[in-house]
Amino acid sequence: MAGLRSFVDRWARNRVLLVLVLMAAYSAQSLLIAASKTEGAAGGFSYDATAAVLLAELLKLLFALAMMPPESWATLSLRRSWVFAVPAVLYTAQNRLVFEALRCISPPQYQLLNNMKLFTTSLVYRVAMQRELRVLQWLALLLLGLGMTLATVPVGQLELSSQDLKLGTGMMVAVSWCSALAGVLNEWLIKRSNNIMEANVWLYGYGVLASCVQLALLDTGRGSQSGGDFQLSDMLRHFRGFDESMMPWLVVLCNAVLGQTIAYLFRYADSIIKLYAVCAAMGFTTLVSTVVFGFQLHLHASIGYLVSAISVCLYYSPPEKLLATDAEMLGSLSWGGLGKHSAAREKDVDGTKQAFTAVENVSVLPSQTPRQTTLKDRSTRNDSPAAKAARKEGAVKS
């Protein structure tokens, strides 16, 4: 287990690999959920989505317990763990609000309104993490929001006067703030923890507890409506459908991998990278859906993904790259061109230094030339007051 722990931790420090795994997990999550839908089933699935969330949290908790170093067991403190209940409850509330919002709005409208997370997460990240962003980075985030809005805007007309749309929009606003607060707080807690698995144990433990409470509340509500008492068998029926197909278990496994990847991303990166990875995953999912499911890609979606790609370049490119000339960029495309351009640049710098030296040499005019210091001047300047007084007295006597 120690070898597996070091292997996972070593590869998890690679940000590029984390982003790629996150993109693959997000894309697989959407595709697996779409493939697991069943016609005529309650809620559109042959299994309980709330139970799937509970099983994913339980699987993540078991992985965190297995991967936690032995020395970390002695530092576990229940008294200091209560703060992890806050993001766990926020995540549970977010999942519940998403379910209620999808009752009022269509999936395309949901994807469009879900882009509010880009701005709420950016604002909460700036305030909570106290990380300053350049003006160009804020413009890049605005471009990202514009690009994803273009990519997810529905083709048909939106009924803005619909009461359901207004209610769904209000719920999506709450979803955006729950997601932003939970994500940034989770990142802050993971970065402050001595060990990432110790933080995950508390987070997923409270997540399992919150999911169980949610299931119990649902069953209690159903029991009160039917006039019966709550029984343990009522909770067990939520897990029906998991023995009929492997698809629900693939969804659970994908959600577990996604949660672990996000935890490592919060540890070694930040929430903004997660935003861009999610947007890139949406583009990749659209591409796969076009090839596999025959999804029609419209022009505004293509333009939206292009704008999002430009936003990535503006946000993560170093300032010297953004301020470079076209000749410098073209010269850096090849090693030979880069070497030639660097040599030319050094030559220009040397020439500039020589020019400044020449200007300094000729800037001293004849009228400004310091006069030659005579021996008398030096002796006068170095004399003490007593010597000056004696010399003055001798001059008076003569």
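Numbering-wise (UniProt numbering), the sequence shown opens with residue 1 and increments by one.
Idealized CB from N, CA, C, for every residue including glycine.
Computed from a predicted structure; not experimentally measured.
Restricting to Cα atoms, I'd like to know which of the options is closest to residue i.
i, options, result
"L275", "I262, Q29, L136, R10", "I262"
"S302", "S271, G168, V16, L146", "L146"
"M116", "V173, M129, V124, K60", "V173"
"P69", "H298, A199, L203", "A199"
"L58", "Y316, Y206, S77", "Y206"
"T149", "Q260, Q29, H300", "H300"
"V251", "K37, L141, W138, W82", "K37"
"S30", "P318, L113, V8, S289", "S289"
"A182", "S271, Q111, Q214, A151", "S271"
"A51", "V312, Q214, G304", "Q214"
"C279", "P318, L141, R240", "L141"
"E71", "M329, A2, D326", "A2"
"S311", "W73, W138, T75", "W138"
"R15", "L265, Y316, H298", "L265"
Can residue i and residue j be called in contact, C-beta distance under 8 Å?
i, j, result
"A180", "T92", "no"
"Q94", "V184", "no"
"residue 412", "A25", "Outside the displayed span of the chain (1 to 398) sits residue 412, for which this structure offers no information."
"S211", "L32", "no"
"S27", "T285", "yes"
"L97", "C178", "yes"
"L136", "L323", "no"
"A56", "N194", "no"
"L17", "V208", "no"
Just verifying my parser: in three-state terms, what is the DSSP assignment at residue i?
i, result
"F266", "helix"
"A344", "Confidence at A344 is low in this model, with a pLDDT of 48, below 50, so its placement is unreliable and the value that follows should be read with caution. It is helical."
"F242", "coil"
"residue 407", "Summary: the structure shown does not reach residue 407, with the chain confined to residues 1 through 398, and so no result is reported for it."
Which residues in the same chain have their Cβ closer than 7 Å to the Cβ of residue i, if we skip the five residues on either side of it in sequence?
i, result
"L65", "V201"
"R267", "I190, K191, I196"
"F242", "Y47, P248, W249"
Just to confirm my understanding: we take residue i, look at its own chain, exclude 5 residues before and 5 after, and list those with CB closer than 6 Å. What are they?
i, result
"residue 428", "As displayed, the chain neither begins before 1 nor continues past 398, which places residue 428 out of reach and without an answer."
"G168", "A101, C104, I105"
"V19", "A277"
"D164", "C104"
"V89", "A210"
"A128", "V184"
Can residue i be considered in contact with the ligand PLP, in the sense that its beta carbon sits closer than 7 Å to one or more heavy atoms?
i, result
"E328", "With respect to the ligand PLP, the structure shown offers nothing to examine, as it has no ligands at all."
For residue i, decide whether its Cβ has a neighbour in chain C, counting only Cβ atoms nearer than 8 Å.
i, result
"Q296", "No chain C appears in the structure shown, which is made up of a single protein chain."
Please give me, in chain order, every unbroken run of the alpha helix (DSSP H) with length at least 4 that falls completely inside the stretch 119-166. 135-152
Which parts of the stretch 49-109 are runs of the alpha helix (DSSP H), unbroken and 4 residues or longer, counting only runs that do not cross its ends? Correct list: 49-67, 85-104.
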